[in-house]
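Residue numbers (mature numbering (1 follows the signal peptide of the UniProt record, and there is no 0)): -24 to -1, 1 to 391.
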Amino acid sequence: MPLPTAKFLALACAVAGLTACSEAPPCPGLPDTIPSDWGVIPAGLDTEAWDAEITARMREGCIPALSVSVVDVDGEIMSAAWGYANLEDALPVTVQTPFMLASISKAVDALAILAARDDGLLELDDPISDLVGLSVGNARIDIGDQPPIRLHHLATHSSGIQDNWDVLDATYQPGDPLEPLGQFLDDYLVPGGRHFSRRKNFYPWPAGREWFYSNVGAALAAYAVEVQAGVPYQQYCEDRLFEPLGLNHTGWFLADFPDPEAIARPHSITWEGWNVREHYGFSTWPDGQLRTTASELGRLMRLGMGDGEIDGVRVLEPGARQVLTTPPVASLNDWYIRQYIEAQYFFWFGMTLGDRWIVGHDGDDDGVSTEMFFDTKTGVGVVLLANIGDGENDGRVREQTMAIQEQLYALGEAQ
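Written out as structure tokens, the structure reads:
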């Protein structure tokens, strides 16, 4: 689940005429030595030069750990990691270190929904009420005047379901969430529920008209897969995606990992110095709680890049890439989206990086900043995972990670 990104925060501050909200604590500094771990090394690559360049950018952006993977449809081109999974314990990061993904989890939700469609469990334009067994409508407008909320509305953030942060913030807790996903959604969306609010949980417009980011909507889309499959969502993802792709360091819950302390800990900066956070979870977990390594996330991205096929194994039916790179909702009013990205697809989205058109997703949460995109022209994909948030750090993380991404695209294109 993302907190507002630095770009959104800057926009909000500008609109409000505020300057204090752009202030952030100074960087407490990184250790004198920043370790590196290399996985896949392209022939002739000067790893020492890369170590010097990346660690300099980490110091500039105040980034404790960074893990990257460069891929194309044929395989992994490069993988490496720098820094510390846990500054408090001086635990070095490796290429096998899982990171929390934040909203990149939604890109994986898209793959799971496509798998469910392939399995005959649902269609992308099904009314969500028919899929989840709840009467889900926009309680803020007259029921008789609104079209049904459909699955593709959830995947394009055009459902009219609003994130009520008074509720969502309160669900963050150390460890895995305890509240069942279906129970939370029932309480949030259905009149009479303990989290229900007409004004705070819904926007005053019908589904399919306006773009406005919705974490609750993403969680609801994942819940549709769970209900229709008749198994927990995390199990469906394991059976249909993670196991076929050979992902052994990927899971939705801390309980999925033999040693949760090997996962990169989220870090934040306070006026007193570094805060190494406990691993945490939240009730809408499918919107941002997936943890994996950069290399394994690269395999998930390759599944989308390769139209449902990876290394000769077909996991999704042909047509998957078209869904992930085509707007499924026509005439969507996207005035708000264009403050940040340029095209909304099925959870995946398109944007410009330098002179590249890239498609994928990013993520930002407390102590988490992540990127997963591929260049549609060159076919090179880049994954970048960091254990510090950008929205809480005045944009300096994103400034450095965007520059690193451009370097990684260039590296991939040169191979």
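C-beta: ideal position from N, C-alpha, C; glycine also. Quantities reported herein were computed from a predicted structural model and do not represent experimental measurements.
Judged by DSSP secondary structure, S81 falls within the alpha helix (DSSP H) whose first and last residues are 81 to 94. A residue is called buried once 16 or more other Cβ atoms fall within 10 Å of its Cβ, and N62 is buried on that count. For R241, no beta strand (DSSP E) segment is defined, and its DSSP state is neither H nor E. Exposed is the label assigned to N309, since fewer than 16 other Cβ atoms lie within 10 Å of its Cβ. Here G343 is buried. Its C-beta has 16 or more other C-beta atoms within 10 Å. Where G206 is concerned, there is no enclosing beta strand (DSSP E), because DSSP gives it neither an H nor an E.
Here the alpha carbons of V203 and R93 stand approximately 13 Å from one another. Assigned with DSSP and collapsed to three states, A306 falls in coil, not helix or strand. The three-state secondary structure of E24, taken from DSSP, is helix.
Between V84 and L361 the beta-carbon gap is near 14 Å, outside 8 Å, which marks them as no contact.
For N177, the uninterrupted alpha helix (DSSP H) segment begins and ends at 174 to 177.
Approximately 5 Å separates the beta-carbon atoms of A41 and N363; this is inside 8 Å, confirming the contact. In the DSSP assignment, I334 falls within the beta strand (DSSP E) that extends over 332 to 341.
Between Q210 and the set T352, W261, S111, the nearest pair of CA atoms involves W261. Listed in chain order, the non-local C-beta contacts of D95 below 8 Å within the same chain comprise A205, R216, local neighbours out to five positions each way being set aside. Between E237 and the set D13, C3, A115, F75, the nearest pair of CA atoms involves F75. Across the structure, W141 and T73 are spaced so that their CA atoms are roughly 30 Å apart. G151 and L77 do not touch by the CB rule: their CB atoms are close to 18 Å apart, not below 8 Å.
Fewer than three pairs of CB atoms, one per stretch, sit closer than 8 Å, so the segment 286 to 303 makes no contact with the segment 104 to 124.
When only Cα atoms are considered, D366 and P208 end up about 32 Å apart. I104 carries a helical assignment under DSSP once its states are collapsed to helix, strand and coil. Its Cα nearest to that of G37, the residue G59 stands out among V252, G20, G59, V46. Minimum Cα-Cα distance from I380 among the listed residues E347, D145, S244 corresponds to E347.
Comparing C-alpha distances from A66 to each of G169, Y199, I10 shows the shortest one belongs to I10. K176 and G20 have their C-alpha atoms some 56 Å from each other. If you draw a straight line from the Cα of V358 to the Cα of Q138, it is about 31 Å long. Going by beta carbons, P156 and T147 fall outside the 8 Å limit. Within the same chain, G169, R170, H171, F172 come within 8 Å of D163 by CB-CB distance, once the 5 residues on both sides are set aside. For V16, there is no enclosing alpha helix (DSSP H), since its DSSP letter is neither H nor E. Ranked by Cα distance from R253, the options G109, S259, I239 are led by I239. Less than 8 Å divides the Cβ of D340 from the Cβ of S79.
Going by beta carbons, D101 and L127 fall inside the 8 Å limit.
Each of T269, L384, V373 was checked against the Cα of P2, and the nearest Cα belongs to V373. Bounds of the alpha helix (DSSP H) holding T377 are 372 to 390.
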